[in-house]
Amino acid sequence: MELTKACKDAWFLVNTNTGTVLDMFVGAKRPQITNMEPMKNSQQTQERQSAFESEQQQRILMEQQQQRAFITMQQYQ
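Residue numbering for the sequence shown follows the UniProt record's numbering, starting at 1 and increasing by one per position.
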């Protein structure tokens, strides 16, 4: 188990054997975790991971749309 920084104010608790994100913490300061045992299949953890994955997908779609718009603009110039 490892706590890794995802961006400036998000931390992930990662299972180093599988690479699975077990939990997510928001805040610039490193969270103090006393019990490194994962809360396997907890509802809250699943909701957080699902929300994070959804946000990632939205970001990717936005980037793809921006790239398409840029390419389209380049074609008409």
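Don't be surprised by glycine CBs; every beta carbon is placed ideally from N, CA and C.
### Task
Go through its chain and collect everything with a Cβ distance to Q49's Cβ below 6 Å, but skip five positions before and after it.
Annotation for Q49: V21 place their beta carbon closer than 6 Å to its own, counting only its chain and skipping 5 residues before and after.
### Task
Could you tell me if F12 is buried or exposed, where buried requires 16 or more neighbouring beta carbons within 10 angstroms of its beta carbon?
Classification for F12: buried.
### Message
Rounded to the nearest angstrom, what separates Q44 and Y76 at their Cα positions?
### Response
Answer to the nearest angstrom: the Cα atoms are 48 Å apart.
### Query
Applying the criterion that 16 or more other CB atoms from any shown protein chain within 10 Å of the CB defines a buried residue, is D23 buried or exposed?
Around the beta carbon of D23, a 10 Å sphere encloses 16 or more other beta carbons of the protein chains shown; the residue is thus reported as buried.
### Query
Starting from T72 and walking both ways along the alpha helix (DSSP H), at which residues does that stretch end?
Q43 to Y76 is the extent of the alpha helix (DSSP H) around T72.
### Message
I'd like the span of the beta strand (DSSP E) that includes residue 90, first residue to last.
### Response
Nothing about residue 90 can be read from this structure; the chain reaches only from 1 to 77.
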